[in-house]
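**Q** Those protein sequences? They're chains A and B, same order as listed. Counting from 1 along the first sequence, just add 723 to a position and that's the residue number in the numbering used here. Counting from 1 along the second sequence, just add 21 to a position and that's the residue number in the numbering used here. We put the beta carbon where it would ideally sit given N, CA and C, even for glycine. Right, I'll just put the structure down here and ask away after.
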Amino acid sequence: MPFRLLFRSLFRHPIRALLTVGSVAIAVFLICMLHAVVTGLARTVDAAASNRLLVQSAVSLFVDLPLAYQGKMAAVPGVEAICKWQWFGGRYEQDKGGFFAQFGIDPETFFASYPEITLQEGSLEEFQKNRSACIVGKDLAAQYGWQLGQTVPIAGTIFTRTDGRPWEFTIAGIYQTSTPTIDQQTLYFQFEYLRQSLETGGAVGPDGVGVYMLRVQRGADPVAIQAAVDALFANGPQRVQTTTEAEFNRQFVSMLGDVPLLMQMVGGAVLFAIFFAVLNTMIMTGRERTRDIGVLKALGFPNGTAGMLLLAESLLLCGLGATLGVLAGLLLEPAFQAAVGAMLPGFGFAGDTLLLGAILALGIGVVAGLVPAFRASRLTPVQALREVG
Amino acid sequence: MSQNSIELRGVTRIYRRGGQDLRVLDELDLTMAGSTFYALMGPSGSGKTTLLNLVGGLDRADAGEVLVGGEDLTGLSDTELARWRADHVGFVFQGFNLLPVLTARENVELPLLLLPLGRRQRREQAERALEMVDLGDRMDHKPRELSGGQEQRVAIARAIATDPEVILADEPTGDLDRDTADAVLLLLQRLNRELGKTILMVTHDPQAAGYADRVIHLDKGKLGRIDDNRATAGRS
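Printed below as a string of structure tokens:
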């Protein structure tokens, strides 16, 4: 095969070639992004621990459960520990449109229940001892340049202080996680601090707990505990729904709608659009090369050579686009992780994601190249030379 | 039969146009001696280019036999025909038909890719062919950087690069001015006389035909007269 001809022909129309390569690159990048979101969601669900159950209101995740439930649930056989989770929903005073989550939790049971979370800096003792202490994820600390001992002012939107001032949390520790499915961009503070503030009138807001996390004793049957806890409050005052962590994550994700289906539809549309763009380019290229095809055949190149040249050209265009798309994905991955990490901690361009993007692009290259290649192979030398000559 | 002679036996070629059969060549019998420069003349539609295409193995006859150098082309498959073209024929077209993305040297190297030659051999052979057509100083120029005459000379260099026995030229001077055309025709004449190539050239131009040894006249797909220029006074 005349490779020099192949490489020179590739950029015979540089603007058209660059636009095609650019389109493929953007498509590959988008497909990688969409796939990363889908796999990120799946990873979050799959990585859930089997010994953690979550108890929420049977009505909605946004309805709080009474504080008194904790004692009753603790008495259920097989429940080893309980940790409260309360969504705080505050806004960082100095933030300019950014967002990070804050939760009130029980420090005494939190770390034991989530062995994936460990303190990188600071001390657990300090976090437990100081009512207004908090721990922050290392990515969050890095984002805002926070240090241990620093006070973070958070304006409450659900829980507001009656003195009109922002809540102040002192950083007692910076945590890291051993799994990408738990983010490092959250601020955790003592639930007790919130409760006391509400009780003493220092703050106003809903009284209760968003979600209870139950740690299951080794050997205990989680299904039986689920049934027991649900039965405990079947007659009110507030019915509950107990789920495994995986199911809870799945339900949380499904609140956004059928994200995987949506992503697949968008990805499919992107693929189709880009396929027709590449096909159009290759058909135009094939027609323009008719005379060259005739010359090659007249010189004695077999029928397949002209077709192979067009197919290879299509593959090269898409391959270049795929490479650029994958490189863009790798370069921009940290920025995207920082942007969506709090919402989707499992987000990331895994090897299979990048491979998928590259394979799809090359697949488009093959199919789009086959059309002009087939035509080129079937043309007789006389037909090819006559068509433009 | 000499190694590079051309023989057509009862060759018929029919094109189907607008639902009607057009008999472009009609049971044509013609023998051309090897190492001779032939000009093929005739009015438009007389079958000149069709004959050239059949002799070059670019097209197939509907009936009859085409023998070049004793090889019957009618029995060859498409792949065999392509191989045969690469080994035995060089083409020169009216529109030069150089590949615009390649330099003169690369254009000439193109048919050499089909021969079992190393990169260096290909390069040397291409350079020799270009020097033969006096384009040793234009090897790295692309076709758009060359004049029409130079482009046609590159095309001739490409045609002779593989050292074929037969060179087929379809109106090679059709797009050139008189002086440039004369230079190209002299070159073809030289290839015939010095290298013994059999040349078959289609032309409308009687002056161009004057460079050939013999002029074959076709009319409505049938053989007309054959003039022998060598017998004409003033040329030898």
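1) Rounded to whole angstroms, how far is the Cβ of residue 896 of chain A from the Cβ of residue 846 of chain A, which I believe are closer than 8 angstroms?
2) Quick one, which residues of the stretch 1015-1028 of chain A are near chain B if we go by CB-CB under 8 angstroms, in chain order?
3) On the CB-based measure, 16 or more other CB atoms within 10 Å of its CB, does residue 254 of chain B come out buried or exposed?
4) Could you work out which residues of chain A lie near residue 104 of chain B, taking near to mean beta carbons separated by less than 9 angstroms?
5) Assuming residue 56 of chain B and residue 217 of chain B are in contact, meaning their beta carbons sit under 8 angstroms apart, how far apart are those beta carbons, in whole angstroms?
6) For the beta strand (DSSP E) containing residue 935 of chain A, list its first residue and its last residue.
7) Alpha carbon to alpha carbon, what distance is there between residue 201 of chain B and residue 126 of chain B?
8) Go ahead and label residue 121 of chain B buried or exposed: buried means 16 or more other beta carbons lie within 10 angstroms of its beta carbon, across all protein chains shown.
9) The stretch 71-103 of chain B: which residues have C-beta closer than 8 angstroms to a C-beta of chain A, in chain order?
10) If the cut is a Cβ gap below 7 angstroms, which residues of chain C does residue 118 of chain B touch?
11) In the DSSP assignment, find the beta strand (DSSP E) that holds residue 841 of chain A and state where it starts and stops.
12) Report the rounded CA-to-CA distance for residue 1044 of chain A versus residue 1084 of chain A, giving the unit in angstroms.
13) Is there at least one Cβ from chain B nearer than 8 angstroms to residue 1105 of chain A's Cβ?
14) By the three-class DSSP mapping on this structure, what secondary structure does residue 891 of chain A have?
15) Only counting the same chain, and skipping five residues up and downstream in sequence, which positions put a Cβ closer than 6 angstroms to that of residue 901 of chain A?
16) Determine the contact status of residue 60 of chain B and residue 204 of chain B, defining contact as a CB-CB distance below 8 angstroms.
17) Identify the contact partners of residue 178 of chain B in chain A, using a Cβ-Cβ distance below 8 angstroms as the criterion.
18) Can you find the residues in the same chain that come closer than 6 angstroms, C-beta to C-beta, to residue 920 of chain A, ignoring five residues on each side of it along the sequence?
19) Tell me where the alpha helix (DSSP H) around residue 823 of chain A begins and ends.
20) Below 8 angstroms on the Cβ atoms is my guess for residue 191 of chain B versus residue 71 of chain B; work out the distance and round it to an integer in Å.
21) Buried or exposed: residue 114 of chain B, going by 16 or more other Cβ atoms within 10 Å of its Cβ?
22) Mind the definition here: the stretch 70-88 of chain B touches the stretch 164-175 of chain B only if three or more C-beta pairs lie below 8 angstroms; say whether that holds.
23) Might you give, ordered along the chain, the residues of its own chain that have their beta carbon closer than 6 angstroms to the beta carbon of residue 35 of chain B, omitting 5 neighbours on each side?
24) With a cut-off of 8 angstroms on the beta carbons, I'd call residue 135 of chain B and residue 1027 of chain A a contact; round off their distance for me.
25) Pick out whichever of A:745, A:970, A:864 and A:944 has its Cα sitting closest to the Cα of residue 777 of chain A.
26) Taking only three categories from DSSP, how would you classify residue 1111 of chain A?
27) Indicate whether at least one CB of chain A lies closer than 8 angstroms to the CB of residue 107 of chain B.
28) Would you give the residue range spanned by the beta strand (DSSP E) that residue 779 of chain A belongs to?
29) Quick one: is residue 137 of chain B near chain A, going by C-beta distance under 8 angstroms?
30) Listed in chain order, which residues of the stretch 726-753 of chain A have Cβ atoms closer than 8 angstroms to some Cβ of chain B?
31) Just verifying my parser: in three-state terms, what is the DSSP assignment at residue 897 of chain A?
32) For residue 105 of chain B, does the three-state DSSP call read helix, strand or coil?
33) I'd like to know if residue 58 of chain B contacts chain A, where contact means its C-beta is closer than 8 angstroms to some C-beta of that chain.
34) Would you kindly check if the distance between the Cβ of residue 998 of chain A and the Cβ of residue 875 of chain A is under 8 angstroms?
35) Throw me the rounded Cβ distance for the residue 32 of chain B and residue 75 of chain B pair, which I believe falls under 8 angstroms.
36) So, using beta-carbon positions, are residue 903 of chain A and residue 1021 of chain A closer together than 8 angstroms?
**A** Well, looking at it:
1) 6 angstroms
2) 1015, 1017, 1018, 1019, 1020, 1021, 1022, 1023, 1024, 1025 and 1026
3) Bear in mind that a pLDDT of 43 at residue 254 of chain B, under 50, signals an unreliable position, so the number given afterwards is only what the model happens to contain. Exposed is the call here.
4) 1023 and 1025
5) 4 angstroms
6) 934-939
7) 21 angstroms
8) exposed
9) 74, 77, 79, 80, 99, 100 and 103
10) Checking the listed chains, one finds no chain C in this structure; the protein chains it contains are A and B.
11) 840-845
12) 8 angstroms
13) yes
14) strand
15) 839
16) no
17) Per Cβ cutoff of 8 angstroms: no residues; residue 178 of chain B is ~13 angstroms from chain A at best.
18) 926
19) Counting along the chain, residue 823 of chain A falls outside any alpha helix (DSSP H), and DSSP gives it neither H nor E.
20) Going by Cβ atoms, the distance from residue 191 of chain B to residue 71 of chain B rounds to 11 angstroms, so no, they are not a contact pair.
21) buried
22) no
23) 42, 44 and 83
24) Contact doesn't hold; Cβ gap of about 13 angstroms is too wide.
25) A:970
26) With a pLDDT of 47 at residue 1111 of chain A, under the threshold of 50, the modelled position of this residue cannot be trusted; read the value that follows with caution. Three-state result, residue 1111 of chain A: helix.
27) yes
28) 775-780
29) no
30) 727, 728, 731, 732 and 735
31) strand
32) helix
33) no
34) no
35) 6 angstroms
36) no
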